[in-house]
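Trainee: Counting in my numbering, the sequence shown runs from 1361 upward without gaps.
Virtual Cβ for every residue (Gly too), placed ideally from N, Cα, C.
Please read these numbers as outputs of a predicted model, since none were measured by experiment.
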Amino acid sequence: MLKISQKSLIISLVIYFWWTPLYSVNSVKDEVFLHPADAFTGFTLNRNDFIYNLPVLSISPGWFWWGITDWITAEIDVEANLGGVPSVNFRIKLLKTEKYNLAVETMFQYVPKSIELDYFKEDDGTDLSIKRWGSSWYNNLNLSVGPFKHSYIHLSGGVAYQKHLEILNRSDSTGISFDNFLFPHLSVGLDSRISSQVALLFSASYGLTFTYLDNVPRKLQAVVAIRWAPLPNNRVGLLRNMRTEISCIYMCFPDVDKSLFTPMAYLYWQW
1361 MLKISQKSLI ISLVIYFWWT PLYSVNSVKD EVFLHPADAF TGFTLNRNDF
1411 IYNLPVLSIS PGWFWWGITD WITAEIDVEA NLGGVPSVNF RIKLLKTEKY
1461 NLAVETMFQY VPKSIELDYF KEDDGTDLSI KRWGSSWYNN LNLSVGPFKH
1511 SYIHLSGGVA YQKHLEILNR SDSTGISFDN FLFPHLSVGL DSRISSQVAL
1561 LFSASYGLTF TYLDNVPRKL QAVVAIRWAP LPNNRVGLLR NMRTEISCIY
1611 MCFPDVDKSL FTPMAYLYWQ W
């Protein structure tokens, strides 16, 4: 069940989006993509632009992205401010040309040992268990190349520190654990904005990612997704600025010979 503070926040956001006249580019082709299909991009928001992300299949209140300047974008984690896991994320643009956007991204998160974040419970229908606690900190370099007829290629690589990580296959008790370890991560992504309302997205990665099963190293992942602007010309800001991203995700954990396939959906508002 949602807490009272979470309900109040969501109601306040709905009222704000409904009654405030919001700026919208109204075309998916012109929008800034930060993590399309869980890829990392070299883009940053313009000064005082915002994105609000809301998971559809969970009770999480989501998170904001804020363009502090044209070159610095920060994450504001709503759940952390309501008593969740504290985290901070910054993306800083290093280069912007007609074809190339280069940025560094850093994220720090702290999970108290008393919480011991467990991504999968025994009644979730999977034998996979992933637990982590303590500090985690990733730093990576993101490059976006394009457009090529409204398509972009995204490349990213970096390294992450994790205080404690456990990956377990409950079916045969195969497991592995790490303490105070550094992990590499790499990803490649493609977004093709085929119309003003639709973008087709793809990503492949090794190591941690930001959106789906966030901050978990040693993960192989492939994502196919579609991002859709259903009502880009609606006079109501809440509907005009709404975007949805629907994904099919394959994850594999070679350390314990376990994989899973799952759908995921997010709503976005960008203004």
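Could you tell me the distance, in whole angstroms, from the CA atom of Leu1454 to the CA atom of Asn1461?
Mentor: Taking the sequence shown and counting its residues from 1, the one referred to as residue 1454 is at position 94. Taking the sequence shown and counting its residues from 1, the one referred to as residue 1461 is at position 101. Roughly 8 Å separates the two Cα atoms.
Trainee: Which residue comes first and which comes last in the alpha helix (DSSP H) that contains Leu1598?
Mentor: By 1-based counting over the sequence shown, the position of residue 1598 is 238. Gly1597 to Arg1600 is the extent of the alpha helix (DSSP H) around Leu1598.
Trainee: If you draw a straight line from the C-alpha of Pro1507 to the C-alpha of Lys1473, how long is it?
Mentor: Here residue 1507 corresponds to residue number 147 of the sequence shown, with the count starting at 1. Here residue 1473 corresponds to residue number 113 of the sequence shown, with the count starting at 1. Pro1507 and Lys1473: Cα-Cα distance of roughly 45 Å.
Trainee: My assumption, with CB atoms under 8 Å, is that Thr1404 sits in contact with Arg1451. Please give the rounded CB distance.
Mentor: In the sequence shown, residue 1404 corresponds to position 44, counting from 1. In the sequence shown, residue 1451 corresponds to position 91, counting from 1. Yes, Thr1404 and Arg1451 are in contact; Cβ-Cβ is about 5 Å, under 8 Å.
Trainee: Name the two residues that bound the continuous beta strand (DSSP E) containing Tyr1626.
Mentor: Translated into positions along the sequence shown, residue 1626 becomes position 266. For Tyr1626, the enclosing beta strand (DSSP E) begins and ends at Lys1618 to Gln1630.
Trainee: Counting only the same chain and skipping the five closest in sequence on each side, list residues whose C-beta sits under 8 Å from that of Gly1517.
Mentor: Counting from 1 along the sequence shown, the entry for residue 1517 is found at position 157. Apart from the 5 residues on each side of it in sequence, Gly1517 sits with its Cβ closer than 8 Å to the Cβ of Asn1500, Leu1501, Pro1544, His1545, Leu1546 and Ser1547 in its chain, given in chain order.
Trainee: Return the residue from the list Asn1529, Leu1561 and Ala1625 that minimises the CA-CA distance to Lys1389.
Mentor: For this step, residue 1389 is matched to residue 29 along the sequence shown. It is Leu1561 whose Cα lies nearest to the Cα of Lys1389.
Trainee: Since Gln1581 sits in a beta bridge, which residues does DSSP pair it with?
Mentor: The residue labelled residue 1581 in the question sits at position 221 within the sequence shown. Answer by DSSP bridge pairing, in chain order: Ser1565 and Met1611.
Trainee: Going residue by residue through the region 1394–1461, where are the continuous alpha helix (DSSP H) segments of at least 4 residues, counting only ones entirely within it?
Mentor: 1438–1441
Trainee: Are the region 1571–1583 and the region 1591–1604 touching, with three or more C-beta to C-beta distances below 8 Å?
Mentor: Note that the region 1571–1583 does not touch the region 1591–1604; fewer than 3 beta-carbon pairs, one per stretch, sit closer than 8 Å.
Trainee: Which term fits Arg1553, buried or exposed, when burial requires 16 or more other beta carbons within 10 angstroms of its beta carbon?
Mentor: Within the sequence shown, residue 1553 is the residue found at index 193, counting from 1. A residue is called buried once 16 or more other Cβ atoms fall within 10 Å of its Cβ, and Arg1553 is buried on that count.
Trainee: With DSSP run on the structure shown, which of helix, strand or coil describes Ile1364?
Mentor: The residue you call residue 1364 lines up with position 4 of the sequence shown. Note that Ile1364 scores 46 on pLDDT, short of 50, meaning its location in the model is unreliable; the coordinates nonetheless yield the value given after this. Three-state result, Ile1364: helix.
Trainee: Can you give the Cα-Cα distance for Leu1488 and Tyr1610, rounded to whole angstroms?
Mentor: The sequence position of residue 1488 within the sequence shown is 128, counting from 1. The sequence position of residue 1610 within the sequence shown is 250, counting from 1. C-alpha separation (whole angstroms): 14 Å.
Trainee: Report the residue from Phe1480, Val1558 and Ser1495 whose alpha carbon sits nearest the alpha carbon of Glu1605.
Mentor: As a working note, residue 1605 is residue 245 in the sequence shown. Ranking the options by Cα distance to Glu1605, first place goes to Val1558.
Trainee: To which residues of the same chain is Gly1427 closer than 8 Å at the C-beta, ignoring the five residues directly before and after it?
Mentor: If you number the sequence shown from 1, residue 1427 lands on position 67. Counting only Cβ-Cβ distances below 8 Å, and skipping sequence neighbours, we find Thr1404, Leu1405, Asn1406, Arg1407, Asn1408, Asp1409, Phe1410 and Thr1433.
Trainee: Excluding five sequence neighbours on each side, which residues of the same chain lie with their C-beta closer than 6 Å to the C-beta of Thr1622?
Mentor: Here residue 1622 is taken as the residue at index 262 of the sequence shown, counted from 1. The answer, listed in chain order, is Ile1609.
Trainee: What are the boundary residues of the beta strand (DSSP E) that Ser1550 is part of?
Mentor: Translated into positions along the sequence shown, residue 1550 becomes position 190. Note on residue identity: the sequence assigns Leu, not Ser, to residue 1550. Taken as a continuous stretch (DSSP letters only), the beta strand (DSSP E) holding Leu1550 covers Thr1534 to Ser1552.
Trainee: What did DSSP end up calling Lys1389 once you bin it into helix, strand or coil?
Mentor: Reading the sequence shown from its first residue, position 29 is the one you call residue 1389. Three-state result, Lys1389: helix.
Trainee: Tell me Phe1468's beta-bridge partners as DSSP assigns them.
Mentor: Translated into the one-based positions of the sequence shown, residue 1468 becomes position 108. Val1448 and Trp1497.
Trainee: Taking the continuous beta strand (DSSP E) assigned at Ala1520, which residues delimit it?
Mentor: Start at 1 with the first residue of the sequence shown, and residue 1520 comes out as number 160. Unbroken beta strand (DSSP E) run through Ala1520: Ser1511 to Asn1529.
Trainee: Could you work out which residue in Trp1431, Gln1522 and Ala1564 is closest to Tyr1638 when comparing CA atoms only?
Mentor: As displayed, the chain neither begins before 1361 nor continues past 1631, which places residue 1638 out of reach and without an answer.
Trainee: In this structure, how does DSSP classify Trp1491 when only helix, strand and coil are distinguished?
Mentor: Numbered from its first residue, the sequence shown carries residue 1491 at position 131. The residue asked about is misnamed: residue 1491 is Lys in this sequence, not Trp. Correct three-state label for Lys1491: strand.
Trainee: Indicate the three-state DSSP secondary structure (helix, strand or coil) for Asn1502 in the structure shown.
Mentor: Within the sequence shown, numbered from 1, the residue matching residue 1502 stands at position 142. In the structure shown, Asn1502 sits in a strand (DSSP, three-state: E or B).
Trainee: Spatial neighbours of Val1616 within its chain, please: C-beta separation below 8 Å, excluding the five flanking residues on both sides.
Mentor: For the purposes of this step, residue 1616 is identified with residue 256 of the sequence shown, where counting begins at 1. Excluding positions up to five away in sequence, the list reads Leu1488, Ile1527, Leu1528, Asn1529, Thr1534, Gly1535 and Ile1536.
Trainee: Can you tell me which of Ser1496, Asp1398, Asp1551 and Lys1456 puts its alpha carbon nearest to the alpha carbon of Trp1431?
Mentor: By one-based count along the sequence shown, residue 1431 stands at place 71. Nearest C-alpha to Trp1431: Lys1456.
Trainee: I need the straight-line Cα distance from Leu1620 to Asp1532, nearest angstrom please.
Mentor: As a working note, residue 1620 is residue 260 in the sequence shown. As a working note, residue 1532 is residue 172 in the sequence shown. Roughly 16 Å separates the two Cα atoms.
Trainee: By Cβ distance below 6 Å, which residues in the same chain neighbour Phe1541 in space, the five residues on each side in sequence not counted?
Mentor: Mapped onto the sequence shown, residue 1541 falls at position 181. Cβ within range, chain order: Gln1522.
Trainee: DSSP three-state call for Thr1486: helix, strand or coil?
Mentor: As a position in the sequence shown, residue 1486 is number 126, starting the count at 1. DSSP places Thr1486 in coil when its eight states are reduced to three.
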